[in-house]
Amino acid sequence: MPKIKDITRESWILGAFPEWGTWLNEEIDETVVDKNTFAMWWIGCTGVWFKTENNTNIAIDLWFGNGKRTQKKKEMDPFHQMRNMTGGRMTQPNLRAAPIVFDPFAVTHVDAVLSTHYHNDHIDPFFAAAVLENISEEVPFIGPQESVNKWLGYGVPASRCVVVKPGDVIKVKDTEIHVVDSFDRTCLVTADEDIRGVLPDNMDEKAVNYVIKMPAGTVYHSGDSHYSVQFKKHGNDYPDIDVAFGSFGENPIGNQDKMTSIDLLRMAEALDCKVLIPLHYDVWTNFKADPKEIAMLYEAKKYALQYKFKPFIWDVGGKFVWPVDKDKREYHYRRGFEDAFTDEPNVPFKSIL
Ligand SMILES: [Fe+2]
Numbered sequence: 001m002p003k004i005k006d007i008t009r010e011s012w013i014l015g016a017f018p019e020w021g022t023w024l025n026e027e028i029d030e031t032v033v034d035k036n037t038f039a040m041w042w043i044g045c046t047g048v049w050f051k052t053e054n055n056t057n058i059a060i061d062l063w064f065g066n067g068k069r070t071q072k073k074k075e076m077d078p079f080h081q082m083r084n085m086t087g088g089r090m091t092q093p094n095l096r097a098a099p100i101v102f103d104p105f106a107v108t109h110v111d112a113v114l115s116t117h118y119h120n121d122h123i124d125p126f127f128a129a130a131v132l133e134n135i136s137e138e139v140p141f142i143g144p145q146e147s148v149n150k151w152l153g154y155g156v157p158a159s160r161c162v163v164v165k166p167g168d169v170i171k172v173k174d175t176e177i178h179v180v181d182s183f184d185r186t187c188l189v190t191a192d193e194d195i196r197g198v199l200p201d202n203m204d205e206k207a208v209n210y211v212i213k214m215p216a217g218t219v220y221h222s223g224d225s226h227y228s229v230q231f232k233k234h235g236n237d238y239p240d241i242d243v244a245f246g247s248f249g250e251n252p253i254g255n256q257d258k259m260t261s262i263d264l265l266r267m268a269e270a271l272d273c274k275v276l277i278p279l280h281y282d283v284w285t286n287f288k289a290d291p292k293e294i295a296m297l298y299e300a301k302k303y304a305l306q307y308k309f310k311p312f313i314w315d316v317g318g319k320f321v322w323p324v325d326k327d328k329r330e331y332h333y334r335r336g337f338e339d340a341f342t343d344e345p346n347v348p349f350k351s352i353l
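Under the numbering used here, the first residue of the sequence shown is numbered 1, with each subsequent residue one higher.
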């Protein structure tokens, strides 16, 4: 028990954050992935850790920052994407709503660091620093031009950075990463100049989606894509998508940023995936959404539309194993006490509880 005289704000912060310490790092490190399966962990926002049966580890969109922490700044900066998008000036109340479940500085092994786009909740200087410091192999940092610009700005060596655009295929050990179009129109309105009346044409430099083909199955990571009819094209091009991630959120009035529940169901249909997993709704207080809305609409529409996929409601820090968990509909954290009654309970008599 710490003594009052030794307690400082710093000792509290170091003792309490990150909230999960190295619990999840240890779980990922110690997990041995069975043949013909792959494992994934939700790190928060659209951050996902992939681990294959041959111990290939790929981290996409890991991010360990937060949002607003003070109300003193009353207005967003000119040309902030949310100001560009809405025409509103007031500082948006986007406080981080989910815990940080992974300690970036305790990373021990990763084979590739990927970013879908350069917005601050999809790329991270702390993880980049820890990867460069902790891992001796030449781990590549893979992303569109603007993400690479950000890594270079942090000090990631240019020799480590790989600029990708739709059409590219990158091989990481046993895994093929196919780079495909993003439909993140919020990225298109991220500009440091007046773009009213200007047709943007630089999506490929700003954002990409990824199709991750592992030996045991294929995942579609849509970054922060909005809904697009082009999801059907990606479904045609990749007829073997097992799991698809989509960014879900309750858009505040005046916003068109995250996909809605209907958009996600339509995306899953168009991609012809087997499992649909919503992401991103966890992280911002002002975009918080209830994923059970997706399950409710799925139930209402599945017979009429002959849905072939299932939605899965995950939790941050949770694990999903393909194909073992393919028919599950909701995640629950491990509940523990698997060894109850190993010893005689230390209670006064048997019927007390
Ligand atoms: Fe985002």
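Just so you know, even glycine gets a beta-carbon here, dropped at the ideal spot from N, CA and C.
Scanning R69, W42, H80 and V162 for the CA closest to the CA of L62 turns up W42.
The segment 167-199 is shown to contain whole alpha helix (DSSP H) runs of 4 or more residues at 185-188, in chain order. Counting other Cβ atoms within 10 Å of its Cβ, S136 stays below 16 and is therefore classed as exposed. Annotated three-state conformation of K301 is helix, per DSSP.
At a threshold of 7 Å, C187 does not count as near ligand 1, since its beta carbon sits no closer than that to any of the ligand's heavy atoms.
Inter-residue distance for K165 and E138 is about 21 Å (C-alpha atoms, whole angstroms). Judged by DSSP in its simplified three-state form, R335 adopts coil rather than helix or strand. Between ligand 1 and the CB of H122, the shortest heavy atom gap is smaller than 7 Å. In the DSSP annotation of this structure, the continuous segment of the beta strand (DSSP E) that includes L279 starts and ends at V275 to L279. According to the DSSP assignment, K150 belongs to no beta strand (DSSP E) but to the alpha helix (DSSP H) extending over Q145 to Y154. Counted as a single uninterrupted DSSP element, the alpha helix (DSSP H) harbouring M82 occupies residues Q81 to T86.
Here S225 is near S247, since their CB atoms are less than 8 Å apart. With respect to the C-alpha of K301, the residue from A158, V163, I212 and A268 having the closest C-alpha is A268.
With contact defined as three or more Cβ pairs closer than 8 Å, the segment 103-111 and the segment 213-222 are not in contact. The three-state reading of DSSP puts L353 in coil, since its state is none of H, G, I, E or B. Spanning the alpha carbons of G143 and D343 requires a straight line of approximately 53 Å. Three or more Cβ pairs drawn from the segment 310-326 and the segment 32-47 lie within less than 8 Å of each other, which places the two stretches in contact.
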